[in-house]
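If you count the sequence shown from 1, position 67 lands on 67 in this note's numbering, and the numbers rise without skipping.
Virtual Cβ for every residue (Gly too), placed ideally from N, Cα, C.
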Amino acid sequence: MLDYRFPTALQMVLSVAMAEQVGERSTSAILAYGLEANPSFIRKLMVPLTRDGIIVSTLGRNGSIHLGRPAEEITLRDIYLSVIEDKKLWASRPDVPARCVVSANACWYFKSIAEEAEQASLQVLARHTVASALEKVKKADTSGWDPVPDLIAQYKKTS
């Protein structure tokens, strides 16, 4: 089963950062609309992101979502660890009965390889910040879309 928490959370945080850069407002409803995601999934992802200080949200009629600290201080590793929590990149098979050399040792061996791969992935994510990711996205963009489309108006039309 594919896990979309990290790519969705990354897009959420980048969207909030972009909105902040251009002086626009972010809400969970606007993010859900822009990501074509279920609003409850967005709100569920906001819980760990808020807990870990990656985003902050204010309540009320004029409530909004903002970055919890400067974009230069939030790494993609921070976002990944926040929303994935303790789920491993790859799950090993449960221990199987030892019937040969392979079945007696495959589980611990796979766990060691999976741990090495996970640590390498975390090192890559730690080298990228929200600020650097957003700049790369903006620089590479050839879509012609506005930085932050008028999602509020579009959202209200569909509500």
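Tell whether a beta-carbon distance below 8 Å holds between residue i and residue j.
i, j, result
"residue 17", "residue 134", "yes"
"residue 89", "residue 117", "yes"
"residue 102", "residue 48", "no"
Under the DSSP definition of a beta bridge, which residues are partnered with residue i?
i, result
"residue 164", "What the structure shows of the chain is the stretch from 1 to 159, and residue 164 is not part of that stretch, so it cannot be assessed."
"residue 75", "129"
Should residue i be labelled buried (16 or more other beta-carbon atoms within 10 Å of its own) or exposed?
i, result
"residue 71", "buried"
"residue 8", "buried"
"residue 68", "buried"
"residue 79", "buried"
"residue 42", "buried"
"residue 129", "buried"
By Cβ distance below 7 Å, which residues in the same chain neighbour residue i in space, the five residues on each side in sequence not counted?
i, result
"residue 46", "28, 55, 57"
"residue 122", "77"
"residue 5", "45, 83, 84"
"residue 137", "14"
Counting only the same chain and skipping the five closest in sequence on each side, list residues whose C-beta sits under 6 Å from that of residue i.
i, result
"residue 25", "64"
"residue 92", "107, 110, 111"
"residue 96", "103"
Which residues in the same chain have their Cβ closer than 8 Å to the Cβ of residue i, if we skip the five residues on either side of it in sequence?
i, result
"residue 145", "none"
"residue 2", "none"
"residue 53", "68, 69"
Measuring alpha carbon to alpha carbon, tell me which of the options ends up nearest residue i.
i, options, result
"residue 62", "30, 127, 83, 49", "30"
"residue 73", "105, 131, 124", "131"
"residue 50", "66, 37, 129, 105", "66"
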